[in-house]
Amino acid sequence: MLRSLSVRNLFLIESLDIDFQPGLNVLTGETGAGKSILLDCLGLVLGWKGRADTVRSGAEQGEVSAEFDLAIDHPARMILAAAVLPCGETLILRRVSGSDGRKQTFINDRRASAETIGALAEVLVEIHGQRDDRGLLDPKGHSALLDQFAGDNPLVESVRDGWRHWQNSERSLAAARQELATAQRDAEYLRNSAAELAKLAPLLGEEAVLDTRRRLMQASARIRADVAKAAQALSLEGAEGLIGDATRWLEVASSKAEGTLDAPLEALSRLAVELAEAQSGIERALEAMDFDPHDLEITEERLFALRGLARKHIVQPDELAGLATEFQGRLDALEMGEDRIATLEDAVKAARDAYLTAAAKLQAARKAAALKLDKAVQGELAPLKLERARFVTQIDAADPGPDGIDRVTFTVATNPGSPPGPINKIASGGELSRFMLALKVCLVGDSSTMTMIFDEIDRGVGGATADAVGRRLADLAKGSQILVVTHSPQVAAKAGHHLLVSKAVSAGSALTNVAVLSEAGRNTEIARMLSGDVVTDAARAAARELLAG
């Protein structure tokens, strides 16, 4: 429910705070007083398209905020949760517009996106009348309204799921056909490349191993002679023999050296051990450096072949093994392509048949619901002085889509014997308003979580018909909150909360004001609506009768 609307420095409004109540709220006032400006302000904070926000002349910025009460099960709570925005018992939407054109939107004092505001607007407020550009007057939304009237229908979601599955199957088939066509076009290249890679049989990490081996063999050829000389220098003919001679000579002399040669002998012993380790290491190195020159040639050929093939396919050598697997897979897909296409074609047919079966069931359900809706609307027309008119929900075949195979159109016939036509083309202004009201009564049911706005929906009617419209609005408002912009005294008299919109000139500027009317004020305003500028005693008496019901 819309609890309040606050406006600062927008359009012709300097400062305005309006409280709304449950049930039927009416806004009246002379033509040009600014009733439409209030709806413009509400539209701004809800992100509706329409009149551009205009900061009042001379002001730095304008601001409008709307406060809503949220029931515990209100769908707005899910939207706020999805947007990670705070949510309590009330929801406050606020929009600030600068004179330089910059705008900021807030939800419960948190910056918010236009998408979130738009989603909230869809579940908070709906408007009918002069500004109704969706819903009742838009045939594109009639199927959804009919489904809404029918209640929670699992067939609707079944059709949407079936449509998604069908379209996904079609996309998979199209992709497979494209892949097959590409594979067929590149078949010769794939076969040659796959054969070439299979023949080489590259291994992951092989290039690095070959490169290391090649460099080692190349280095071995250059340094082996020096390593062999070192081995010779440390052999018995070299260092090992000399150390052995020195050790024997010292051992002979040590018995008469009174221990002075013990330390040198121990050092020579350690030196012999270290020398043996050095010789062993050099021998292992020489063994590693022993290679067949043909091995170097084979290693280089393999390494160059890997690198050449990598350059050919513009990949790294380590990617060749994966590329071989990919090419072979594409060849296998080519071989099995026709079978895969046939399988996918069967899947598409099955998905299409399942969708059409679900759509046919939904169509039957819609036709049954259409008969009930037509009967319900017909029952609402007589109290609205349209007892000779007919309302017909027309269901025609349409191209398959996510919402089924039906085109639903609300049609009316205003004269006996005349064929029904689209509601927005056949009905006159006053008739259209009443058809919309009757339809809305049937679609809303016992209650609604949304605030409904009827913008001069009673235009073009008067007298008993206007009284019937007012009574129906009052009945509809028993389970909902309704705001009505009206010029009809009969409708205004049925309100539970009456707001008077007026315009005054102050300091050379026109300003719009809104006042909540007392019972006496309501009598005066309704009398004005009945008689015009001069309020007569007869008009006051007639106003009292209207208010008395």
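Going by the working numbering, the first residue of the sequence shown is number 3, and it counts up by one from there.
Virtual Cβ for every residue (Gly too), placed ideally from N, Cα, C.
For residue i and residue j, what's the separation of their Cα atoms in angstroms?
| i | j | result |
| --- | --- | --- |
| F306 | L218 | 16 Å |
| L238 | E276 | 15 Å |
| L18 | N11 | 9 Å |
| I119 | L485 | 21 Å |
| A114 | L388 | 45 Å |
| A84 | M3 | 21 Å |
| G25 | A495 | 13 Å |
| L192 | F329 | 6 Å |
| F151 | K37 | 32 Å |
| E209 | A287 | 24 Å |
| H144 | R392 | 17 Å |
| D135 | M438 | Residue confidence for D135 is low, a pLDDT of 45 falling below 50, so the modelled location carries little weight and cannot support an answer. |
| A517 | S511 | 19 Å |
| D535 | E527 | 10 Å |
| N417 | R436 | 15 Å |
| T359 | P141 | 24 Å |
| R542 | A529 | 5 Å |
| D334 | L308 | 24 Å |
| I425 | E347 | 43 Å |
With DSSP as the reference, label residue i as helix, strand or coil.
| i | result |
| --- | --- |
| K363 | helix |
| H144 | helix |
| H489 | coil |
| D135 | Bear in mind that the predicted position of D135 carries a pLDDT of just 45, short of 50, making it unreliable; the figure below should be weighed with that in mind. Note: D135 maps to coil in three-state DSSP. |
| L308 | helix |
| R295 | For the record, residue 295 in the displayed sequence is Pro; it is not Arg. DSSP places P295 in helix when its eight states are reduced to three. |
| T411 | strand |
| F456 | strand |
| K105 | strand |
| Q330 | helix |
| I484 | strand |
| A517 | strand |
| Q318 | coil |
| G164 | helix |
| R368 | helix |
| G472 | helix |
| R112 | strand |
Based on the DSSP secondary-structure assignment, which residues constitute the bridge partners of residue i?
| i | result |
| --- | --- |
| H500 | V28 |
| E69 | S6, I94 |
| I20 | L7 |
| V507 | A512 |
| L12 | I15, V57 |
| P424 | T413 |
| E547 | Paired residue(s): none; E547 is not in a bridge. |
| D398 | R409 |
| H130 | F456 |
| Q220 | Paired residue(s): none; Q220 is not in a bridge. |
| R392 | A415 |
| Q63 | G100 |
Looking at C-beta atoms only, is the number of pairs between the segment 57 to 66 and the segment 90 to 98 that lie closer than 8 Å three or more? A contact exists between the segment 57 to 66 and the segment 90 to 98.
For the pair the segment 226 to 235 and the segment 350 to 359, tell me if three or more CB-CB distances fall below 8 Å. no
With three or more beta-carbon pairs closer than 8 Å as the criterion, would you say the segment 370 to 378 touches the segment 398 to 405? Flag = no, the segment 370 to 378 and the segment 398 to 405 do not touch.
Can at least three beta-carbon pairs, one atom from the segment 184 to 201 and one from the segment 250 to 261, be found at a separation below 8 Å? Taking 8 Å as the limit for Cβ pairs, the verdict is that the segment 250 to 261 does not touch the segment 184 to 201.
Please give the ranges of any alpha helix (DSSP H) in the segment 240 to 294, keeping only runs that are unbroken, at least 4 residues long and fully inside the region. 241 to 256, 264 to 290
Can you give, in chain order, each stretch of the beta strand (DSSP E) that sits fully within the segment 166 to 205 and has at least 3 residues? As far as the segment 166 to 205 is concerned, it has no whole beta strand (DSSP E) run of at least 3 residues.
Across the segment 170 to 179 and the segment 311 to 327, are there enough close Cβ pairs to call them in contact, namely three or more that are closer than 8 Å? The segment 170 to 179, when compared against the segment 311 to 327, does not touch it at the 8 Å Cβ threshold.
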